[in-house]
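Residue numbers (our numbering): 355 to 462. Each remark here refers to the structure printed beneath this line.
Okay, here's the thing in structure tokens:
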């Protein structure tokens, strides 16, 4: 082995042979309580996110059922022309939040 490697090993052994610092009495209890709080917060956050995901899925299913086109044109909230974007459905939707942008001419 090289002398530099032995010197580093000797320095590490010297540091480890010294007496260890005294740990405060309540440190373990404080760290345990803090870890439990962190885990609890993460669990609550995960549950809230799962509930929001489930609510979004339910809302999507409800909207799909309400606005899905019907084949016969009677009932179901469809437009009757086989599309979901017809005048009867879009009249019930809220207005867009942003104003409509002007259309650019299609020229090449």
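All C-beta atoms in this analysis are idealised placements derived from N, C-alpha and C, irrespective of residue type, glycine included.
In the three-state DSSP reduction, residue 369 falls in the helix class (H, G or I). In the three-state scheme derived from DSSP, where H, G and I count as helix and E and B as strand, residue 415 is classed as helix.
Non-local beta-carbon contacts of residue 409 in its own chain, meaning distances under 8 Å to residues more than five positions away in sequence, are absent.
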